[in-house]
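Shown next, in structure tokens, is the structure this report addresses.
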Amino acid sequence: MTRTVWYPGHMARGLRKLRELSEKLDLLVEVRDARAPGLTGSPFSEQVSRFRPVWIVLSKKDLAVDEATERWLSFFREKGSRAWALDLRRGNLDPLMRAALRMRPVHRELRLAVIGIPNVGKSMLLNDMIGKNSAPVGGIPGITRGVSWYKGKGCLIVDSPGIVDPKSHREVHRRLAWLGSSKSDVIGGYESLGEGLVEFLGGSSMLDRALEAWGMERKEETASATLERIGSRLGCLVRGGEVNMDLAGRRFIESFSTGKLGRFTLEEPGELQPWEEEP
Ligand SMILES: Nc1nc2c(ncn2[C@@H]2O[C@H](COP(=O)(O)OP(=O)(O)OP(=O)(O)O)[C@@H](O)[C@H]2O)c(=O)[nH]1
Ligand SMILES: [Mg+2]
181 MTRTVWYPGH
191 MARGLRKLRE
201 LSEKLDLLVE
211 VRDARAPGLT
221 GSPFSEQVSR
231 FRPVWIVLSK
241 KDLAVDEATE
251 RWLSFFREKG
261 SRAWALDLRR
271 GNLDPLMRAA
281 LRMRPVHREL
291 RLAVIGIPNV
301 GKSMLLNDMI
311 GKNSAPVGGI
321 PGITRGVSWY
331 KGKGCLIVDS
341 PGIVDPKSHR
351 EVHRRLAWLG
361 SSKSDVIGGY
371 ESLGEGLVEF
381 LGGSSMLDRA
391 LEAWGMERKE
401 ETASATLERI
411 GSRLGCLVRG
421 GEVNMDLAGR
431 RFIESFSTGK
441 LGRFTLEEPG
451 ELQPWEEEP
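Per the numbering used here, residue 181 is the first one in the sequence shown, and the count goes up by one each step.
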């Protein structure tokens, strides 16, 4: 049977290890992508939040629409979570660190874990927190494979591997792939994912904005035809001048996920997704 969800062994091991560790922790910081703060929630955070404080950091603030990020921050704060939005490449973690260190028990260092789904910036946040580039960071999901402790000023911080929920709806995994948080080649191939993204963006003016970055215009056509034009524009050609649709999808998703096509927010707080049922 073809696998439709990316859930390698290191995720299951990481989740087990985090569960074992959670008793020892004073605080967990969950990193979510500011472009889709609902869809990028961690499967572990809900379980652990019943007995440990979980704070939220919306990373990649620079790639999301500012007004939407403000609405998400209010949403999380109204639910009782402490929440910050950050461009982790620029740091500016003083308010977060000051608040975290206030949770430090008098007799020992603060024990904190950074959790979240893949590629949201957990290791980058940890490095910012300890003031050293100790944890490996990278642009593809699955860089951190195990659970490791790092020492900061007055704190011990755990970096953990990105963990997705294998039981989430397939559409959630597709959206995570658009954001670079799931492995596209495992969950259906770049052509179909690229077409899905064209279709999704086509429901609003987001597609016009994305195409604009390549000097292209929107036309009345199928998603496949748009992706083909993108591929042609980017020179994703095979012999005979035909477009390599898999490569076109890959380049489109990479450009989108790394912010080359501008700022986007894919969901609003409280929005019901098409695959979710009314309560
Ligand atoms: N533009 C932008 N890029 C960011 C930000 N935070 C992280 N990144 C980028 O996101 C990518 C992933 O960062 P990591 O820190 O490795 O993410 P991770 O969550 O530890 O990923 P895994 O270990 O694979 O689960 C890197 O290419 C970072 O440069 C941010 O706030 N803004
Ligand atoms: Mg990491």
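Just so you know, even glycine gets a beta-carbon here, dropped at the ideal spot from N, CA and C.
Computed from a predicted structure; not experimentally measured.
Give me, in chain order, the residues of the same chain whose beta-carbon lies closer than 8 Å to that of residue i; leave out the 5 immediate sequence neighbours on both sides.
i: H190; result: G322, R325, G326 and P341
i: V344; result: V185, W186, Y187, M191, P223, I297, P298, H353, L356, S361 and S362
i: L417; result: G411, V423 and N424
i: F231; result: S202
i: R257; result: A263
i: G319; result: N299, G360 and T438
Am I right that residue i and residue j are in contact with their C-beta atoms under 8 Å? What's the rounded C-beta distance?
i: A265; j: K241; result: 4 Å
i: G271; j: D308; result: 5 Å
i: V317; j: S303; result: 5 Å
Nearer than 7 Å: is that true of the beta carbon of residue i relative to any heavy atom of ligand 1?
i: P217; result: no
i: N313; result: no
i: V185; result: no
i: L266; result: yes
i: D242; result: yes
i: N272; result: no
i: V300; result: yes
Where residue i and residue j are concerned, what is the direct C-alpha to C-alpha distance, given to the nearest angstrom?
i: W186; j: R419; result: 32 Å
i: T182; j: M277; result: Note that T182 has pLDDT 48, beneath the 50 cutoff, so the model's placement of it is unreliable and the number below is only indicative. When rounded, the distance between both Cα atoms is 44 Å.
i: L387; j: G368; result: 22 Å
i: I337; j: Y370; result: 36 Å
i: D339; j: A315; result: 8 Å
i: D426; j: G374; result: 8 Å
i: P437; j: E456; result: The sequence as given places Ser at residue 437; Pro does not occur at that position. Their backbone Cα atoms lie some 24 Å apart in a straight line.
i: L391; j: L359; result: 17 Å
i: G295; j: E400; result: Just to set this straight, residue 295 is Ile in the shown sequence, not Gly. Straight-line Cα distance between these residues: approximately 43 Å.
i: P217; j: E447; result: 8 Å
i: G332; j: K312; result: 9 Å
Any heavy atom of ligand 2 closer than 7 Å to the CB of residue i?
i: K363; result: no
i: D339; result: yes
i: S303; result: yes
i: I295; result: no
i: I310; result: no
i: L323; result: With the sequence shown as reference, residue 323 is identified as Ile, and Leu is not the correct amino acid for it. Yes.
Cβ of residue i within 8 Å of Cβ of residue j?
i: T406; j: V378; result: yes
i: L207; j: M283; result: yes
i: T445; j: A248; result: yes
i: L238; j: L292; result: no
i: L305; j: L253; result: no
i: T402; j: V300; result: no
i: R212; j: A244; result: no
i: E210; j: V234; result: yes
i: A520; j: L414; result: Examination of residue 520 is not possible in this model, given that the chain is present from 181 through 459 alone.
Leaving aside the five residues before and after residue i along the sequence, list all residues of the same chain whose C-beta is less than 7 Å from its C-beta, in chain order.
i: E289; result: G334, C335 and L336
i: F432; result: G374, L377, L407 and I410
i: L195; result: F224 and I343
i: Y330; result: L306, I310, S314, A315, I337 and D339
Please confirm if residue i has its CB atom under 8 Å from at least one CB of chain D.
i: F231; result: Absence of chain D from the displayed structure is noted, only one protein chain being present.
Report all residues from its chain with a CB closer than 6 Å to the CB of residue i; omit the five preceding and five following residues, and keep chain order.
i: P449; result: R251, W252 and F255
i: R389; result: G442
i: S435; result: L441
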